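Numbering (our numbering), first residue to last: 267 to 368.
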């Protein structure tokens with residue numbers, strides 16, 4: 267039963283990471299578009315694994331998000347992308363202790 271509970275909590279935590287990516291990072295500007303709610307799921311899963319399994323720093327998570335946006339999505343590195351990536355990573359790292367208590 268504990269294993270099932272852990273999987274449920276991990277899913278819940280990943281959903282929260284997805285919400286943070288949508289609210290703080292959102293490089294393609296889809297926040298608020300109901301049809302796009304799962305657009306960042308792959309990135310949320312990786313960011314969650316970096317956060318909880320790899321114990322990555324905010325700097326490493328920020329670099330990952332920045333790389334995804336610039337290399338994979340083709341978003342320009344000009345503007346606020348680096349700042350949004352940094353802010354998002356810091357929010358995620360601040361959530362780590364809460365995720366660990368569940």
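C-beta: ideal position from N, C-alpha, C; glycine also.
A quick note: this is a predicted structure, and the numbers were derived from the prediction, not measured.
Here residue 285 is not near residue 357, since their CB atoms are 8 Å or more apart. Distances from the alpha-carbon of residue 288 to those of 278, 318, 350, 345 put 350 closest. Residue burial is scored here from C-beta neighbours: residue 317 has at least 16 other C-beta atoms within 10 angstroms and is therefore classed as buried. One Cα belongs to residue 273, the other to residue 279, and the distance between them is close to 10 Å. The segment 340-347 makes no contact with the segment 302-319, as fewer than three CB pairs between them are under 8 Å.
For residue 307, the uninterrupted alpha helix (DSSP H) run begins and ends at 307-318, by DSSP.
Buried is the label assigned to residue 328, since at least 16 other Cβ atoms lie within 10 Å of its Cβ. Between residue 293 and residue 348, the C-beta spacing is not below 8 Å.
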